[in-house]
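In the working numbering, the protein residues as written are 246 to 707. Yeah, the Cβ is synthetic: ideal placement off N, Cα and C, and Gly gets one too. Owing to the predicted nature of the structure, the values given are computational and were not obtained by experimental measurement. Taking it in order: structure first as structure tokens, then the write-up.
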């Protein structure tokens, strides 16, 4: 026992390293994790006192535990058995496939990443690019919802800025869990988005196993009271119109609803912009008849550098107004147990359209599409006033002086984009940009009985 044993130095160092790793993994790391988790729990408890809708424990659960709970769910287990039989594969193969789906879908929410990074960056980016306007009743619409109900924001999808804009505006109320498409499944963006609580969906997947894993995750989150945000149009609107709502995620929520438990309340959200950053990309996709939104990284970087240079030289101008308006909440329990999914989708779509913000660039785009010739500034303002929807939509909350200023600002923005030109006879529409006019006018077309605005002496000048 007392015999001296000689070891090479490299072997001694290796043994010490193994011992250190073993000590750390069995004693040190659990203690450190426990320490930081306790601090995090206290921080979340303090944060919940400031939020209108506190963060639910489901959202704070460990991702590994959530994945295990999902793949061992009885309905998912049955779907695994059915998939194995239908495709003639062993059940363990089907099980691993379900696990991959679960790992792909389940987020790894971090309250620190969401509120210390995501919400702050969203606020900075949204206010740097736009003058952000909200509906006068937005706060009241949220406060009117029963505190223990699950809130699901149902939004139209105009731009990828929608995520940034709504995250910024909803940060005082709760942490939103977004459903995002395949575009975000790139490193390192995917890790950041998952830490913000978003979950990925494959919009084109038709596999029953995948759909069951996704539906059960959505239903579990809904049952646990997680505040969610979905874009049921199925993607960005390529023509500017509010498209019919698809049934996918809505059907998962409705199918899993139990009137005897927690209520589910949908909040319609209408979003509109004076300028959509991707407008020309979307128009090109619409004209081709596809949904390929490829943009070269060199073009994106060149645009970022151009904006940065404008900011340095103090020539930077914001892209106009971005507006978000909440419509009246729709309670599932109030609709009764025999609610119709398609009727619900139509109700939500109509509610979004009903409160759609009427901004100056979409309004003037409609005016210029109707114009038969050049218009003086006074005629443009008169035509814009006449073209305001009679009773629908959310009008600009302006007085006479600010309305005139809004028209002037929008004319300047449209001129810089090459949509209109000015001469001695007034403002002229650039016909080569007619698709751009139509894209913006489409965003408010649903507020009128017909596709064109009412004509008057100011708009029809030959």
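Would you list the one or two residues that DSSP bridges to residue 672? Position 427 of the chain shown, counted from the start, is the residue given in the question as residue 672. Bridge partners of residue 672: 620 and 667.
Going by beta carbon distance, what residues of the same chain come within less than 7 Å of residue 449, once the five residues before and after it are set aside? Numbered from 1 along the chain shown, position 204 holds the residue referred to as residue 449. Within the same chain, no residue comes within 7 Å of residue 449 by CB-CB distance, once the 5 residues on both sides are set aside.
Tell me, which residues are paired with residue 398 by DSSP? Here residue 398 refers to the residue found at position 153 when the chain shown is read from its first residue. 474 and 512.
With C-beta atoms as the reference, is residue 639 less than 8 Å away from residue 607? By one-based count along the chain shown, residue 639 stands at place 394. By one-based count along the chain shown, residue 607 stands at place 362. Not a contact, by the Cβ cut-off of 8 Å.
In terms of DSSP beta bridges, what is residue 518 paired with? Here residue 518 is taken as the residue at index 273 of the chain shown, counted from 1. BP columns for residue 518 point to 567.
Where do the N-terminal and C-terminal ends of the beta strand (DSSP E) with residue 425 fall, by residue? Walking along the chain shown from the start, residue 425 turns up at place 180. Element bounds for residue 425: 422 to 425.
On the DSSP letters alone, give me the boundaries of the alpha helix (DSSP H) that residue 334 sits inside. Counted from its first residue, the chain shown places residue 334 at position 89. Segment: none, residue 334 is in no alpha helix (DSSP H) and carries neither H nor E.
If you reduce the DSSP assignment to three classes, tell me which class residue 340 lands in. Here residue 340 corresponds to residue number 95 of the chain shown, with the count starting at 1. Three-state DSSP puts residue 340 in a helix.
DSSP state of residue 390 mapped onto helix, strand, coil: Within the chain shown, the letter at position 145 stands for residue 390. In this structure, residue 390 counts as coil in the three-state DSSP scheme.
Assigned exposure category for residue 298 - 16 Cβ within 10 Å defines buried: Locating residue 298 in the chain shown gives position 53, counting from the first residue. By the 10 Å Cβ count, residue 298 comes out buried.
For residue 302, three-class secondary structure by DSSP: Position 57 of the chain shown, counting from 1, holds the residue named residue 302. The three-state secondary structure of residue 302, taken from DSSP, is helix.
Selection from 386, 417 and 404 that minimises the alpha carbon distance to residue 483: Position 238 of the chain shown holds residue 483. Checking every option, the nearest Cα to that of residue 483 belongs to 404.
According to DSSP, what are the bridge partners of residue 377? If you number the chain shown from 1, residue 377 lands on position 132. Its beta-bridge partners are 567.
Neighbourhood of residue 577 by C-beta distance below 6 Å, restricted to the same chain and skipping five residues each side: On the chain shown, position 332 is the one that residue 577 refers to. Counting only Cβ-Cβ distances below 6 Å, and skipping sequence neighbours, we find 502 and 509.
Local conformation of residue 692 per DSSP, three classes: Taking the chain shown and counting its residues from 1, the one referred to as residue 692 is at position 447. Residue state, collapsed to three classes: coil.
Contact belief for residue 605 with residue 655 at Cβ below 8 Å, rounded distance in angstroms: Position 360 of the chain shown, counted from the start, is the residue given in the question as residue 605. Position 410 of the chain shown, counted from the start, is the residue given in the question as residue 655. 4 Å between Cβ atoms; contact.
Looking at residue 414 and residue 570, is the spacing between their C-beta atoms short of 8 Å? Your numbering for residue 570 matches position 325 in the chain shown. Your numbering for residue 414 matches position 169 in the chain shown. The answer is no: Cβ separation not under 8 Å.
Work out the CA separation of residue 562 and residue 552 for me, nearest whole Å. Stepping through the chain shown from its first residue, residue 552 is reached at position 307. Stepping through the chain shown from its first residue, residue 562 is reached at position 317. Looking at the backbone, the Cα of residue 552 and that of residue 562 are separated by about 9 Å.
What are the residues that DSSP puts in a beta bridge with residue 326? Residue numbering aside, residue 326 sits at position 81 when the chain shown is read from its first letter. As far as DSSP is concerned, residue 326 takes part in no beta bridge.
Mark residue 309 as exposed unless 16 or more other C-beta atoms lie within 10 angstroms of its C-beta, in which case mark it buried. The sequence position of residue 309 within the chain shown is 64, counting from 1. Result: exposed.
Segment contact, 8 Å Cβ cut-off, at least three pairs: the region 452 to 470 with the region 364 to 380: Contact annotation: the region 452 to 470 does not touch the region 364 to 380, with fewer than three C-beta pairs closer than 8 Å.
From what residue to what residue does the alpha helix (DSSP H) around residue 410 run? Within the chain shown, the letter at position 165 stands for residue 410. Counting along the chain, the alpha helix (DSSP H) containing residue 410 begins and ends at 406 to 415.
Own chain partners of residue 279 with C-beta closer than 8 Å, once the 5 adjacent residues on each side are dropped: Taking the chain shown and counting its residues from 1, one reaches residue 279 at position 34. With a pLDDT of 49 at residue 279, under the threshold of 50, the modelled position of this residue cannot be trusted, and the question is left open.
Rounded distance between the beta-carbons of residue 593 and residue 399, thought under 8 Å: Start at 1 with the first residue of the chain shown, and residue 399 comes out as number 154. Start at 1 with the first residue of the chain shown, and residue 593 comes out as number 348. Right, the Cβ-Cβ distance comes to about 5 Å (below 8 Å), so this counts as a contact.
Checking 8 Å against the spacing of the C-beta atoms, do residue 625 and residue 614 come in under that value? As a working mapping, residue 625 is identified with position 380 in the chain shown. As a working mapping, residue 614 is identified with position 369 in the chain shown. No Cβ-Cβ contact shorter than 8 Å links residue 625 with residue 614.
Rounding to the nearest angstrom, what Cα-Cα distance links residue 617 and residue 537 in this structure? As a first step, residue 617 must be located in the chain shown, where it is residue number 372. As a first step, residue 537 must be located in the chain shown, where it is residue number 292. C-alpha of residue 617 to C-alpha of residue 537: approximately 35 Å in a straight line.
Three-state secondary structure assigned by DSSP to residue 319: Position 74 of the chain shown holds residue 319. In the structure shown, residue 319 sits in a helix (DSSP, three-state: H, G or I).
DSSP-derived helix/strand/coil call for residue 614: Looking up residue 614 in the chain shown gives position 369. Reduced to three states, the DSSP call for residue 614 is helix.
Is it the case that the Cβ atoms of residue 422 and residue 473 are separated by a distance below 8 Å? Counting from 1 along the chain shown, the entry for residue 422 is found at position 177. Counting from 1 along the chain shown, the entry for residue 473 is found at position 228. Yes, the pair counts as a contact, with Cβ atoms nearer than the cut-off.
So, at 6 Å on beta carbons, what are the nonlocal neighbours of residue 320 in its own chain, with the 5 sequence-adjacent residues on each side left out? Indexing the chain shown from 1 puts residue 320 at position 75. The beta carbon of residue 320 is closer than 6 Å to those of 461 in its chain, skipping five residues each way along the sequence.
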